[in-house]
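Written below as structure tokens is the structure these notes are about.
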Ligand code: G6P
């Protein structure tokens, strides 16, 4: 969703801002804009559409400035347009504002400001902020005080970057509910929604906390709370390099990230496998071992792809540790008045660590006095910081909007957690050893899937067959049911083909009515205790003319009699099947989307980090 970058330093500001916008583009956006101060004059340039439109607009202009703010907008209030794009300005055109989040009381504020004579030019909630600061400046005459007083009036969420023509060496920033960090460089300081936009200039970042604002100059910055008290934060070092934010020779980030999985899976278990004792080491959770192993019930909450890994976590923990687990959509959980006791730990899963609904679910958990544990990718993200403890998945930056490597790394961490809890609650050591040893082999097995694909182009050929269909059904049982959901989600997210995931036995209660020769049905038919039952479902589809594509375990030749196309995955413990069956479905969705000419990394209407409700 919206992205903010702001710079004050010694460099030419436009290239820095444009580079920052490109880094933030992965979050999803529909318009862009920048504001800079040149010769003590504020200049704002905004364009609907891609960053290329803005670059074209900037082309040939000789802008001399070393301070500015910029924004990628994902429309919430007012359609995507040049006017509604940020930065937004006040009546005098001296104050420019970029904003992430939603100002919930903007109507009341706008009415008040209009009654004071302010003239509005857009339909955005953000414009009220610029006018409000202008109004407050009229009262106090001091810009910092005007900025602070305006913040006190805002309800809703914001990450803000503001510049003021009369203070050409400064950026103001604030955070309430939408992420914002400061990159602390040498003779330069940067603000950004996430670290991808600053890593090129510095690896030292400071995360603003809720209700804090900052004033940045070239050589220093100060952070204060809304009561004007100065705040000191630790500097965090970013642990990835600029190379990890490049495509590295791949045509799309999504393909690169799919192929990274053997490595990211290794990174997810590195230092965490205790083969001798048949358990996992998750050091962050150590202080809470008793709480977790004596839980009366565990709730796992998440959104999107992370919700699918949560569902796999439910199956794993219930099977290995025999603790009842409930998986909840975060957006539902937060409003459902959940029943939580001190003995109900809540696990919050989020790649970005910023998803608004998931964050709200986490805060709801805290209100109920329960402990919350994070399974998060982005280090220092809000969810990572607000949970009581947690486990990082260490998947590295995930740029493709459709989550791939983060999903399998989440499942890997959940597998470790389930084994660890299982061992605390009576899972035999021998069983634990067998499972941990098997997990260690998973990255090589995923590699094997990719090697076979590189040699045969099998999945690519299936994509060719599926690309013109309007619908698809993904069916699986047990551990493969959440994978069916995830496979269908991947397809609809990036190729815009309507796809449904179902537990295969449920097919006869509805989806079977859809089956004919135009309906490709993808079955997850790997070796597991329910394999024979899946075969019966395949027969049901075949007898109605449906086209069957099967994901099956290597060595299963019989399935070729039943399925038009087969994608093989290596054999593993059936509970770890999702770690292998996910990758072919990611590749299938990817190839279909490419063949349909879709924007794979930035699918329409979607955002990587959904920071509004
Ligand atoms: C968005 C993304 C999905 C992601 C979901 C949850 O919808 O497009 O890929 O699964 O948010 O995100 P999170 O960062 O909380 O895992």
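Residue numbers (this note's numbering): 24 to 636. Using N, Cα and C, we set each Cβ at its ideal position, and we do this for glycine too. These numbers were taken from a predicted model, which means no experiment stands behind them.
{"Asked": "Proximity test, residue 374 beta-carbon vs the ligand G6P heavy atom, cut-off 6 Å", "Found": "yes"}
{"Asked": "Rounded Cβ spacing between residue 238 and residue 167 (contact assumed at less than 8 Å)", "Found": "7 Å"}
{"Asked": "Residue 621 beta carbon near the ligand G6P (any heavy atom closer than 6 Å)", "Found": "no"}
{"Asked": "Local Cβ density within 10 Å of residue 566, reported as buried at 16 or more and exposed below that", "Found": "exposed"}
{"Asked": "Bounding residues of the beta strand (DSSP E) (the contiguous stretch that carries residue 385)", "Found": "Note, residue 385: premise wrong, no beta strand (DSSP E); alpha helix (DSSP H) at 379 to 390."}
{"Asked": "Residues bridged to residue 349 [DSSP beta-bridge criterion]", "Found": "322"}
{"Asked": "Residue 357, DSSP secondary structure in three states", "Found": "coil"}
{"Asked": "Cβ-heavy atom distance, residue 151 to the ligand G6P, below 6 Å", "Found": "no"}
{"Asked": "Rounded distance between the beta-carbons of residue 448 and residue 345, thought under 8 Å", "Found": "6 Å"}
{"Asked": "Neighbourhood of residue 320 by C-beta, 6 Å cutoff - its chain only, sequence neighbours within 5 removed", "Found": "347, 367"}
{"Asked": "Reduced DSSP category for residue 70 - H, G, I as helix; E, B as strand; rest coil", "Found": "strand"}
{"Asked": "Expected contact under 8 Å - CB spacing of residue 92 and residue 80 to nearest Å", "Found": "The pair is not a contact, with the Cβ atoms about 16 Å apart (cut-off 8 Å)."}
{"Asked": "Residue 396 vs residue 410 beta-carbon contact at 7 Å", "Found": "yes"}
{"Asked": "Selected residue, minimal CA-CA separation from residue 494, among 343, 476, 520", "Found": "520"}
{"Asked": "Buried or exposed (CB count within 10 angstroms, at least 16 for buried), residue 614", "Found": "buried"}
{"Asked": "Residue 526 beta carbon less than 7 Å from that of residue 504", "Found": "yes"}
{"Asked": "Per-residue burial, residue 210 [other beta carbons within 10 Å of its own, 16 or more giving buried]", "Found": "exposed"}
{"Asked": "Pair within 7 Å by beta-carbon distance, residue 240 and residue 60", "Found": "no"}
{"Asked": "Residue(s) in a DSSP beta bridge with residue 212", "Found": "31, 207"}
{"Asked": "Any 3 or more C-beta pairs closer than 8 Å across the region 350 to 365 and the region 325 to 333", "Found": "yes"}
{"Asked": "C-beta atoms of residue 110 and residue 58 nearer than 7 Å", "Found": "yes"}
{"Asked": "Cβ pair count under 8 Å reaching 3, the region 480 to 497 against the region 597 to 617", "Found": "yes"}
{"Asked": "Integer-rounded CB distance, given that residue 466 should sit under 8 Å from residue 289", "Found": "5 Å"}
{"Asked": "Residue 464, buried or exposed, once every other Cβ within 10 Å from all chains shown has been counted against 16", "Found": "exposed"}
{"Asked": "Paired residues, beta bridge with residue 296 - DSSP", "Found": "303"}
{"Asked": "Range covered by the alpha helix (DSSP H) that runs through residue 312", "Found": "312 to 316"}
{"Asked": "Residue 552, buried or exposed, once every other Cβ within 10 Å from all chains shown has been counted against 16", "Found": "exposed"}
{"Asked": "Residue 628 burial status per 10 Å Cβ neighbour count (16 or more: buried)", "Found": "exposed"}
{"Asked": "C-beta contact flag for residue 221 and residue 206 at 7 Å", "Found": "yes"}
{"Asked": "Residue 161 in three-state terms, based on DSSP", "Found": "helix"}
{"Asked": "Whether residue 141 touches residue 122 by CB criterion (7 Å)", "Found": "no"}
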